[in-house]
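Just so it is clear: in the sequence shown, position 200 is 200 by UniProt numbering, and no numbers are missing. The C-beta atom is built at its ideal place from N, Cα and C for all residues, glycine as well. Here the structure is a predicted model, which is why all the values come from computation and not from measurement. Let me begin by presenting the structure, written as structure tokens, before commenting on it.
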Amino acid sequence: MSSSGDIKSAPALLPQTSPLQPLYPAGHAIQLYTTIDGRPQAVLVPVHKRKSLARRLLRGSLFLFLFFWIVHGLHRVFHARHWFSRHKDFDIGDRDYYYDSPSDLVLENCVEGAGWSGRKDDGYFSSATATFDVDLSADNIYLLSRGRFSSGTVNVTTSSKQPKETATIDVVAKYRREGVLDWAKACLTSRHQNQKGVGIFTPIWRRAPHRHEGTILHFETTITLPEGVSISGFETDVPNTSQTVGDLASKVGFAAVSLKGTNAPITVGALSAVKGHVHTTNAGIRGSFNTTSSLILETTNGPINIGVGLHDKGEHPTLFAHTTNAHFDGRLSLTTSSGAGGNFSVDTTTTNSRLSVSFLDAPLDSGLKYHAKSTNGRVDVTLHPTYEGDFNISTSRSSKALVNFLPGPDPSGQGRHRATSGHSDKGSDSGQTRWEDPKNPGHGRKDSGTVVMSTSNAPIVLNIPGL
């Protein structure tokens, strides 16, 4: 038997390591030992080296770039197909269209195709003309237009050389491509109840062509009226067409006038009519108007800037003027032949903008019913010194409502003074005012006028001259 001193050290099963060195250096297989049949066996376990952060970010960026490049390419292909389907050169010979002629309209004489005269070319536009004379003995003369390419301008004027019996309507078609003129026709027309006029027509396609340079077509129309005549009725109905009326008030009298358009302004130098109606959309109305019965001015999304004279011959004239989302400026004169009396009704409104109205003239002892309204915009109204009656103004409680009595003499020249009573609160003021003889107080006129004004989120001011 061997003694303990004869025992030799067994070989180390694991390699000797320094405590300052990693046991398993990176990138090397780890040797793990176990025993099988009493003998140690090595099991190799691979250690994967982790990819760096920069490589992972680069790979992700490349993937995102490829993804968006594919999506963008598909979008461009789709957009190109859609664009070409709508914007490809329109076939002028495409006859899949119709003309939108009102059912009550009779086409008597049409100019189309080779019938257009006076062809010119200014180097940019080509033009051709059709001219018509309309009998002024008709109960109503008119100009109307219909169709996709029937927009343009209308100018109404007078001439001392124009025959008293007719109005001349010149229609000038302007275009870039010769075949486009074949779409257009201008016709002398008539309607029931002795109405005569001119219609401008272009097609409406079932597969609408996109409007590009090759399909440019518009019309410049001039209506020339004789001077010193009275016309029973005058009407325009021209969508997407701007209208300009000259200074006609002292040259032509109208029993009735209707100016109608869309998406374009209407500008009037001066116009007098027993009844008037002006209507457009998305554009302004500007000008000077006179009426003895009624005047209606309507638009949307465009300013109104007007001077209006209401003359009472016994019909109690009215004014209704309305717009939205744009400012309103009005200068109003109320008159009678005698300079006294008369009854007038005025309604002015807008939204989301300021409203300013001044009454420049009004007869003594006249009656006025006036309504002014806006929202989110300041309202300023100045009455004429002759005003007598009730007033009521209101706005949001957080905004100012002011009634100002301005210095001024008695408009009758009798030395009267203005008597006023009322009540004010946050955002509102109301009361009554009238002229009284200081020697006989409490005996002024009553029930002569009513003024109601309102807005929201903005100041409201009523000025009443005369103390």
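Contact belief for residue i with residue j at Cβ below 8 angstroms, rounded distance in angstroms
i	j	result
G408	P465	4 angstroms
L332	L360	7 angstroms
V172	T129	5 angstroms
N140	E235	6 angstroms
Y175	L107	Not quite, the Cβ-Cβ distance comes to about 22 angstroms (not below 8 angstroms), so this is no contact.
D312	F344	7 angstroms
S448	G367	5 angstroms
L319	L310	6 angstroms
G314	T299	Not a contact, Cβ separation roughly 30 angstroms.
S428	G422	Not a contact, Cβ separation roughly 10 angstroms.
residue 470	Y124	Nothing about residue 470 can be reported from this structure: the residues present for the chain run from 1 to 467 only.
V154	T221	5 angstroms
R434	D365	Going by Cβ atoms, the distance from R434 to D365 rounds to 11 angstroms, so no, they are not a contact pair.
L334	G341	11 angstroms between Cβ atoms; not a contact.
R146	S101	7 angstroms
T348	A321	5 angstroms
6 angstroms Cβ shell around residue i - same chain, five flanking residues per side excluded
i	result
H327	P303, S353, R354
T350	T323, F328, S374
S258	E235, H277
T411	The residue you asked about is not Thr; residue 411 is Pro in the sequence shown. Excluding sequence neighbours, P411 sits near P385, T386.
V451	Y370, F391
S151	H218, N240, T241
V461	D380, L402
P438	H417
L144	G199, D237
L383	F359, I464
R286	T267, N305
I393	A401, D429, M453, I460, L462
V346	L319, Y370
V308	F289, L319, L332
T336	D312, G342, P363
F149	T202, L217
residue 470	Lying before the first or after the last residue shown, residue 470 is absent from the chain, which here runs from 1 to 467.
Those residues which DSSP pairs with residue i across a bridge
i	result
Q243	V154, I266
A167	V134
E436	H417
E112	K185
I141	K196, F234
G449	L368
G253	S230
P465	L406
W205	Y97
A273	F254, T291
residue 486	Because the chain is modelled from 1 through 467, residue 486 falls outside the range shown and cannot be assessed.
D390	Q432, T450
I70	For I70, which the question treats as bridged, DSSP gives no partner whatsoever.
L107	T189
V180	DSSP lists no partner for V180.
T224	T157, T168
L57	DSSP, once it has assigned bridges, lists no residue as partnering L57.
residue 473	As shown, the chain starts at 1 and ends at 467. That puts residue 473 outside it, with no answer to give.
Residues near residue i in its chain [Cβ-Cβ closer than 7 angstroms; skip 5 each side]
i	result
N457	N376, S396, S399
Y97	P203, I204, W205, R206
P19	Here the model assigns P19 a pLDDT of 48, short of 50, so the residue's position is not dependable and the matter cannot be decided.
A167	V134, L136, I141, I223, T224, L225
S293	V274, K275, E315, P317
A270	D247, L248, A249, S288
F132	I169, L188, V198
S190	V106, E108, K196
Q193	D139
K260	T236, D237, H279
G113	D182
G415	none
L57	none
Close beta carbons around residue i, own chain, < 8 angstroms, minus the five adjacent residues each side
i	result
L467	F405, L406, P407, G408, H417, R418
N325	T300, N301, T350, T351, N352, S353
residue 479	No statement about residue 479 is possible, as the shown extent of the chain runs from 1 to 467 and does not include it.
E227	T158, S159, S160, Q162, K251, V252
S338	P363
G389	G367, L368, Q432, T433, R434, D447, S448, G449, T450, V451
P441	A419
W83	Summary for W83: the model assigns pLDDT 44, below 50, so the residue's position carries little reliability, and this model does not support an answer.
The ligand SAM heavy atom lying under 7 angstroms from the CB of residue i
i	result
Y387	The ligand SAM is absent from the structure shown, which contains no ligands of any kind.
Practice task
State whether the region 175-188 contacts the region 222-240, with contact taken as three or more CB pairs (one from each stretch) at a distance under 8 angstroms.
Solution key: Judged by pairs of C-beta atoms under 8 angstroms, the region 175-188 does not touch the region 222-240, as fewer than three such pairs exist.
Practice task
Report yes or no: do three or more beta-carbon pairs, one from the region 243-254 and one from the region 264-283, lie closer than 8 angstroms?
Solution key: The answer is yes - the region 264-283 touches the region 243-254, with three or more Cβ pairs under 8 angstroms.
Exercise for the section: Would you be able to state if there are at least three C-beta pairs under 8 angstroms between the region 151-161 and the region 68-75? Expected result: No, the region 68-75 does not touch the region 151-161.
Handout entry: Start-end ranges of the alpha helix (DSSP H) lying completely within the region 292-367, minimum 4 residues
Key = Here no run is fully enclosed.
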